[in-house]
Amino acid sequence: MKMAIIGAGKWGQALYHAYSENNEVVIHSRTPRNIEHFVSLGEALEREYLVMAIPAQFVRHWMEENFVDKGQKILVAAKGIETSTGAFLNDIFTQFLPPERLAYISGPSFAAEVQKSLPTALMISSTNLSLAQTFADHLPSYIKGYVDDDVVGAEVSGAYKNVIAIASGVCDGLGLGNNARAALISRGLVEMARFGKSFGARTETFLSLGGAGDLFLTASSRLSRNYRVGLGLAEGKDMDTILKELGEVAEGVPTAKALHRIAQEKGIYLPIAEEVYAMIEEGKDPHESVHDLLG
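Letter by letter, the sequence shown follows residues 15 to 309 of this note's numbering.
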């Protein structure tokens with residue numbers, strides 16, 4: 015495959031490393047990087063296959079300002095829900111190209127471990143299963159690829175698990191124990207499945223690699239940026255301090271705001287997501303949030 019990775023953050027570089035094993039891959043980002051095969055935007059857009067690894071909140075603007083449709087097939091590697099509109103990423107991308115040329119990657123995949131060629135298994139979702147299989151077949155030898163056609167389920171899983179990871183970090187930061195974290199993650203899985211079902215996602219998708227697999231990983235390790243946000247909240251730090259110390263994008267923060275907006279508009283019961291929103295946006299005390307969840 016002649017492929018271009020758009021976005022050279024940690025996840026973009028990890029996917030560049032992974033797909034370079036079996037393919038001819040270049041990489042581009044807004045900020046020039048000292049990376050082999052770093053190319054201009056124009057050259058990147060000439061590739062038949064694109065992997066979009068830019069933060070979810072910047073996707074719409076990037077597509078409006080930079081995308082030129084040349085028949086490319088796109089693998090969406092961003093995860094999140096647009097805060098300003100509540101739109102899923104597939105809602106945004108399908109404004110610029112047809113769904114049969116879009117696929118979405120999900121599953122347990124810390125960038126640092128992918129960069130080290132450590133084994134994992136990932137899900138490629140698309141309404142075009144042939145395209146999904148193409149992206150899966152060209153993954154490196156250390157990544158097992160699965161395919162399915164539940165795009166909404168993959169999207170919701172990838173976005174929602176970051177919010178649950180923040181809650182899990184709070185739980186551990188407060189020293190509430192392993193039992194509490196397991197209970198929280200379990201109920202978080204139920205909550206994100208209920209949310210996804212209201213948008214037409216299949217329940218079994220949330221038990222897959224992209225659902226439970228990615229959730230278990232992200233909500234239980236300091237390698238997770240969103241988990242570390244939760245640890246910071248438990249320490250009583252304000253959001254500006256937490257994000258400054260993090261130095262990276264934590265998609266669970268804007269996604270919690272988007273979930274709050276959707277929950278209010280559609281009347282969906284999202285107790286964990288709402289407590290995360292209250293902590294990051296309203297400064298609610300984490301101990302109070304735990305008390306309210308237990309109540």
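Backbone N, C-alpha and C fix where the C-beta goes; we use that ideal spot for every residue, glycine too.
Could you tell me which whole beta strand (DSSP E) segments of length 3 or greater appear in the segment 35-105?
DSSP runs (the beta strand (DSSP E)) wholly in the segment 35-105: 38-42, 63-66, 87-90.
So, does the segment 210-222 touch the segment 180-200, judging by three or more C-beta pairs under 8 Å?
No, they do not touch.
Alpha carbon to alpha carbon, what distance is there between LYS271 and ILE138?
Locating residue 138 in the sequence shown gives position 124, where the first residue counts as 1. Locating residue 271 in the sequence shown gives position 257, where the first residue counts as 1. Computed Cα separation, rounded: 27 Å.
Beta bridge counterpart(s) of LEU116 as assigned by DSSP:
The residue labelled residue 116 in the question sits at position 102 within the sequence shown. According to DSSP, LEU116 shares a beta bridge with ILE88.
DSSP state of VAL161, grouped into three classes?
The sequence position of residue 161 within the sequence shown is 147, counting from 1. Residue state, collapsed to three classes: strand.
Residue ranges of each alpha helix (DSSP H) run of no fewer than 4 residues wholly in the segment 145-210, ordered along the chain?
Runs found: 165-187.
Take ILE256 as the anchor and find which of ALA18, GLU57, ILE180 has the nearest alpha-carbon.
As a first step, residue 256 must be located in the sequence shown, where it is residue number 242. Distance check between ILE256 and each of ALA18, GLU57, ILE180 places ILE180 closest, using alpha-carbon atoms only.
Report all residues from its chain with a CB closer than 6 Å to the CB of PRO133; omit the five preceding and five following residues, and keep chain order.
Along the sequence shown, one-based indexing puts residue 133 at 119. Closer than 6 Å at Cβ, skipping near neighbours: TYR156.
Given 8 Å as the limit, is there contact between the segment 96-106 and the segment 123-130, that is, 3 or more CB pairs closer than that?
The answer is no - the segment 123-130 does not touch the segment 96-106, with fewer than three Cβ pairs under 8 Å.
Which partner residues of LYS16 appear in the DSSP bridge assignment?
Residue numbering aside, residue 16 sits at position 2 when the sequence shown is read from its first letter. Paired residue(s): GLU38.
Quickly, what does DSSP pair THR134 with across the bridge? List them, please.
If you number the sequence shown from 1, residue 134 lands on position 120. Beta-bridge pairing links THR134 to ILE157.
What are the partner residues of SER139, as DSSP defines its beta bridges?
Taking the sequence shown and counting its residues from 1, one reaches residue 139 at position 125. Beta-bridge pairing links SER139 to TYR118, ASP162.
Secondary structure of MET262, DSSP reduced to three states
For the purposes of this step, residue 262 is taken as residue 248 along the sequence shown, with counting starting at 1. The identity of residue 262 in the sequence shown is Glu, whereas the question assumes Met. Residue state, collapsed to three classes: coil.
Just curious, the alpha helix (DSSP H) that THR108 is in, first and last residue?
Working through the sequence shown from its first residue, we reach residue 108 at position 94. Annotation for THR108: no alpha helix (DSSP H) segment contains it, and DSSP assigns it neither H nor E.
Starting from the C-beta of HIS152, find all residues in its chain whose C-beta is less than 7 Å away, skip the five residues before and the five after it, and write them out in chain order.
Here the question's residue 152 lines up with position 138 in the sequence shown. Correct list, in chain order: MET15, TYR33, ASN36, ASN37.
Run the CB neighbour count on TYR241, radius 10 Å, all protein chains shown included, and call it buried at 16 or more, exposed below.
The residue given as residue 241 occupies position 227 in the sequence shown. Buried is the call here.
Beta-carbon within less than 7 Å of GLU169's beta-carbon, same chain only, minus the 5 sequence neighbours each way: which residues are those?
Working through the sequence shown from its first residue, we reach residue 169 at position 155. If we look at GLU169 and ignore the five residues flanking it on each side, its Cβ neighbours are PHE102, LEU103, ASN104, TYR118.
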